[in-house]
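Per my numbering: the sequence shown = residues 6 to 223. Think of the CB as a built atom: it goes at the ideal place given N, C-alpha and C, for glycine as much as any other residue. On a predicted model such as this, the values are computed, not experimentally measured, just so you know. A quick write-up on the structure given underneath.
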Amino acid sequence: MFDSISKQYDLLNRLLSLGVDRWWRRSMVKRVRRHRPQSVLDVATGTGDSAIALKKSGATRIVGVDISEQMLKQAGKKPNSAGIELIKADGELLPFGDCCFDAVTISFGIRNFEQRQQGLQEMWRVLKQNGLLIVLELSMPANRIIRSLYKLYFLRVIPAVGKLISRNSYAYRYLPCSVDEFPPRQVFAAEIKAAGFGTVKAISLSGGLATIYEAKKK
Ligand SMILES: C[S@@+](CC[C@H](N)C(=O)[O-])C[C@H]1O[C@@H](n2cnc3c(N)ncnc32)[C@H](O)[C@@H]1O
6 MFDSISKQYD
16 LLNRLLSLGV
26 DRWWRRSMVK
36 RVRRHRPQSV
46 LDVATGTGDS
56 AIALKKSGAT
66 RIVGVDISEQ
76 MLKQAGKKPN
86 SAGIELIKAD
96 GELLPFGDCC
106 FDAVTISFGI
116 RNFEQRQQGL
126 QEMWRVLKQN
136 GLLIVLELSM
146 PANRIIRSLY
156 KLYFLRVIPA
166 VGKLISRNSY
176 AYRYLPCSVD
186 EFPPRQVFAA
196 EIKAAGFGTV
206 KAISLSGGLA
216 TIYEAKKK
């Protein structure tokens with residue numbers, strides 16, 4: 006699916022998030038920078054926007070993996086992706102040895118995994134001891150009014166605009182469903198812990214429209 010919308014993905018991302026995704030990525034990078042990593046792996050890197058933003062984390066090695074060749078191709082075309090290692094790989098079976106990254110990030114990607122727990126276990130495996138995991142994901146706002154508006158936007162506006170621009174009606178009907186089906190914060194935090202991580206912090210962004218989950222490898 007992501008192969009078929011790769012060319013329009015960035016434009017749609019900016020339009021549909023009203024540009025807020027940039028701010029969310031910056032919040033993620035700030036948290037990574039505090040950890041002072043040398044190496045960062047960005048899983049489900051897509052067109053590379055988070056991997057590029059991670060250049061500000063101070064890391065000397067940034068690796069982006071994604072299962073979609075076309076998404077990676079778009080990432081590779083961006084001049085500021087120079088220096089980032091882009092690798093086609095499944096996040097549920099990472100092609101790296103144990104304990105080799107200081108930080109692992111995944112933005113708007115975990116929702117799409119077929120076996121989420123397997124993906125989290127892989128992220129745990131490739132992290133060094135005390136390594137940092139940051140998951141940035143869309144979430145359902147707690148406030149009832151904001152949630153209703155959000156659902157309206159997701160169920161009406163996003164599929165219509167998405168279909169118009171990408172000509173792929175399935176992809177942008179799938180997006181709201183995948184957000185709706187993603188587990189609530191406490192449940193997902195428990196999944197992260199079950200993969201072997203220590204305390205999980207869930208930081209709400211923009212009134213709960215997105216959430217950053219932060220945890221360290223025990
Ligand atoms: C919504 S996009 C997010 C892309 C990027 N991280 C961003 O912030 O814009 C989701 C990405 O997850 C990738 N993906 C889905 N399942 C995957 C898996 N099992 N392993 C690696 N990448 C995966 C898709 O190919 C797609 O590029």
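Same chain, Cβ closer than 7 Å to residue i, five either side skipped, listed in chain order
i: LEU125; result: GLU196, ILE197 and ALA200
i: PHE202; result: TRP129, LEU138, ALA220, LYS221, LYS222 and LYS223
i: PRO146; result: ARG152, TYR155, GLY212, GLY213 and LEU214
Neighbourhood of residue i by C-beta distance below 6 Å, restricted to the same chain and skipping five residues each side
i: LEU143; result: VAL184 and ALA215
i: TYR175; result: none
i: TYR14; result: THR52
i: PRO164; result: TYR177 and ARG178
i: LYS206; result: GLU219
i: ILE92; result: VAL70
Integer-rounded CB distance, given that residue j should sit under 8 Å from residue i
i: ALA108; j: VAL45; result: 5 Å
i: GLY63; j: ARG38; result: 6 Å
i: LEU141; j: PHE113; result: 7 Å
i: ALA56; j: THR65; result: Actually they are not in contact, since the Cβ atoms of ALA56 and THR65 sit about 14 Å apart, beyond 8 Å.
i: GLU127; j: GLY96; result: 7 Å
i: LYS60; j: ILE67; result: 7 Å
i: VAL70; j: ASP103; result: Contact doesn't hold; Cβ gap of about 16 Å is too wide.
Buried versus exposed, by CB contacts within 10 Å (16 or more), residue i
i: ILE74; result: First, the amino acid is wrong: residue 74 is Glu here, not Ile. It is exposed - the Cβ of GLU74 has fewer than 16 other Cβ atoms within 10 Å.
i: ARG161; result: exposed
i: GLN43; result: exposed
i: VAL192; result: exposed
i: GLN79; result: buried
i: SER153; result: exposed
i: ASN117; result: buried
i: MET33; result: buried
i: THR110; result: buried
i: MET6; result: exposed
i: ARG121; result: buried
Residues that DSSP places opposite residue i in a beta bridge
i: LEU210; result: ALA215
i: VAL166; result: According to DSSP, VAL166 bridges with nothing at all.
i: PHE202; result: LYS222
i: SER171; result: DSSP lists no partner for SER171.
i: SER44; result: ARG66
i: LYS93; result: ASP71
i: PHE118; result: Looking at the DSSP assignment, PHE118 forms no beta bridge with any residue, so it has no partner.
i: ILE111; result: VAL48 and VAL140
i: PHE106; result: LEU132
Cut-off 8 Å between Cβ atoms - residues of its own chain near residue i, not counting five sequence neighbours on either side
i: LEU20; result: VAL166 and ILE170
i: GLY88; result: LYS60 and ILE67
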